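Going line by line, the protein sequences match chains A and B. For the first sequence, the residue numbers in this note's numbering are 61 to 173. For the second sequence, the residue numbers in this note's numbering are 14 to 127. These notes are about the structure you will find just below.
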Amino acid sequence: NAGVMQNPRHLVRRRGQEARLRCSPMKGHSHVYWYRQLPEEGLKFMVYLQKENIIDESGMPKERFSAEFPKEGPSILRIQQVVRGDSAAYFCASSPTGSSEQYFGPGTRLTVT
Amino acid sequence: KNQVEQSPQSLIILEGKNCTLQCNYTVSPFSNLRWYKQDTGRGPVSLTIMTFSENTKSNGRYTATLDADTKQSSLHITASQLSDSASYICVVSPVGFGNEKLTFGTGTRLTIIP
Numbered sequence: 061n062a063g064v065m066q067n068p069r070h071l072v073r074r075r076g077q078e079a080r081l082r083c084s085p086m087k088g089h090s091h092v093y094w095y096r097q098l099p100e101e102g103l104k105f106m107v108y109l110q111k112e113n114i115i116d117e118s119g120m121p122k123e124r125f126s127a128e129f130p131k132e133g134p135s136i137l138r139i140q141q142v143v144r145g146d147s148a149a150y151f152c153a154s155s156p157t158g159s160s161e162q163y164f165g166p167g168t169r170l171t172v173t
Numbered sequence: 014k015n016q017v018e019q020s021p022q023s024l025i026i027l028e029g030k031n032c033t034l035q036c037n038y039t040v041s042p043f044s045n046l047r048w049y050k051q052d053t054g055r056g057p058v059s060l061t062i063m064t065f066s067e068n069t070k071s072n073g074r075y076t077a078t079l080d081a082d083t084k085q086s087s088l089h090i091t092a093s094q095l096s097d098s099a100s101y102i103c104v105v106s107p108v109g110f111g112n113e114k115l116t117f118g119t120g121t122r123l124t125i126i127p
């Protein structure tokens, strides 16, 4: 059973471009969470999704950020018109229904130049 | 002020020695407290999960303790190994919510030297 997979592992974008981060949860997991980690800071919750539904997006910036978890395929975190402040590590985690355990992916390190 | 404070920020110890990492939290009430290990460039990996009613939980050489009265938790590492070099993160889950409301500490950066 492969772990949570994220790609790309590293992403470089110029200011104004779009960034797409992908997350494939562990097999059998239907709950996906996205977190952002800035240097020297703790992980911050962004959004919680189940298949085809956004359950809680209270941690997402109101503009430029969106997330989806389609019926088929990975979860996508999309950042439009990136700015330097978006540079961070973005982690995805998944969990099975009814469990408090979360399994994290290796993260995507986004650098905005 | 962060609701989960960890100390020390960083720690260097010799291989084979023991160490204790501290976590103070203000999240209340909470349903569980977790400790994660995060290697450089990797995602966090769960070490222990304790409910509010548990006082201690072990996972190999890692032992976590919880004092809900003082709102403190500690992670004790016994007979440290070079592979223990990582950041250790304390995470608190408030009552009434699932994994989406976890509050993460900023971690203690542990370095084991030979």
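Every residue gets a Cβ at the ideal spot worked out from N, C-alpha and C, and that includes glycine. Bear in mind that the values here come from a model prediction, so they are computed numbers and not experimental data.
If you follow the beta strand (DSSP E) that residue i is in, where does it begin and where does it stop?
| i | result |
| --- | --- |
| E18(B) | 17–20 |
| L79(B) | 75–80 |
| E132(A) | Taken as a continuous stretch (DSSP letters only), E132(A) belongs to no beta strand (DSSP E), as it is neither H nor E. |
| T171(A) | 168–172 |
| Q97(A) | 91–97 |
| F43(B) | 43–51 |
| S71(B) | 69–72 |
| S84(A) | 79–84 |
| T124(B) | 121–126 |
| R73(A) | 70–73 |
| S59(B) | 58–64 |
| T33(B) | 32–38 |
| Q162(A) | Segment: none, Q162(A) is in no beta strand (DSSP E) and carries neither H nor E. |
Please report the straight-line C-alpha distance between residue i and residue j, rounded to a whole angstrom.
| i | j | result |
| --- | --- | --- |
| Q77(A) | R96(A) | 19 angstroms |
| Q35(B) | E132(A) | 42 angstroms |
| R122(B) | K122(A) | 32 angstroms |
| F129(A) | S135(A) | 4 angstroms |
| D116(A) | L109(A) | 7 angstroms |
| T64(B) | I102(B) | 17 angstroms |
| V145(B) | T173(A) | It is not possible to answer for residue 145(B), since the shown part of chain B is limited to 14 through 127. |
| S23(B) | P107(B) | 27 angstroms |
| A77(B) | R75(A) | 44 angstroms |
| G136(B) | V64(A) | Outside the shown range of chain B (14 to 127) lies residue 136(B), about which nothing can therefore be said. |
| D146(A) | P99(A) | 11 angstroms |
| S96(B) | G73(B) | 14 angstroms |
| S100(B) | Q141(A) | 32 angstroms |
| G102(A) | T91(B) | 25 angstroms |
Interface residues of chain A around residue i at Cβ under 7 angstroms?
| i | result |
| --- | --- |
| P57(B) | F164 |
| I90(B) | Those within 7 angstroms of I90(B) in chain A number zero; the least Cβ separation is about 20 angstroms. |
| I125(B) | Here the premise fails: no neighbours, minimum Cβ distance about 21 angstroms. |
Applying a beta-carbon distance threshold of less than 9 angstroms, which residues of chain A neighbour residue i?
| i | result |
| --- | --- |
| N45(B) | S160 |
| S106(B) | S160 |
Applying a beta-carbon distance threshold of less than 8 angstroms, which residues of chain A neighbour residue i?
| i | result |
| --- | --- |
| I102(B) | G102, L103 |
| G118(B) | G102 |
Which residues in chain B have a C-beta closer than 7 angstroms to the C-beta of residue i? List them in chain order.
| i | result |
| --- | --- |
| F151(A) | G56 |
So that I know if they touch, is there some Cβ in chain D lying closer than 8 angstroms to that of residue i?
| i | result |
| --- | --- |
| S147(A) | You won't find chain D in this structure, because its protein chains are A and B. |
Against residue i, what residues of chain B qualify as contacts under a CB-to-CB distance less than 9 angstroms, listed in chain order?
| i | result |
| --- | --- |
| G167(A) | G54, R55, G56 |
| S90(A) | By Cβ distance, chain B contributes nothing, its closest Cβ being about 13 angstroms from S90(A), past 9 angstroms. |
| S155(A) | G111, N112 |
Is residue i close to the ligand SAM? I mean its beta-carbon at under 7 angstroms from any heavy atom of the ligand.
| i | result |
| --- | --- |
| I126(B) | What this structure holds is no ligand at all, so the ligand SAM is not there to describe. |
field: Residues of the stretch 97–116 of chain A with Cβ closer than 9 angstroms to any Cβ of chain B, in chain order
entry: Q97, E100, E101, G102, L103, K104, F105, V107, Y108, I115, D116
field: Interface positions of the stretch 16–37 of chain B facing chain A (Cβ-Cβ less than 8 angstroms), listed along the chain
entry: V17
field: Whole runs of the beta strand (DSSP E) within the stretch 91–116 of chain B, excluding any shorter than 3 residues
entry: 99–107
- prompt: Which ranges would you report for the beta strand (DSSP E) in the stretch 100–147 of chain A if only whole runs of at least 3 residues count?
  reply: 104–110, 113–116, 125–128, 135–139
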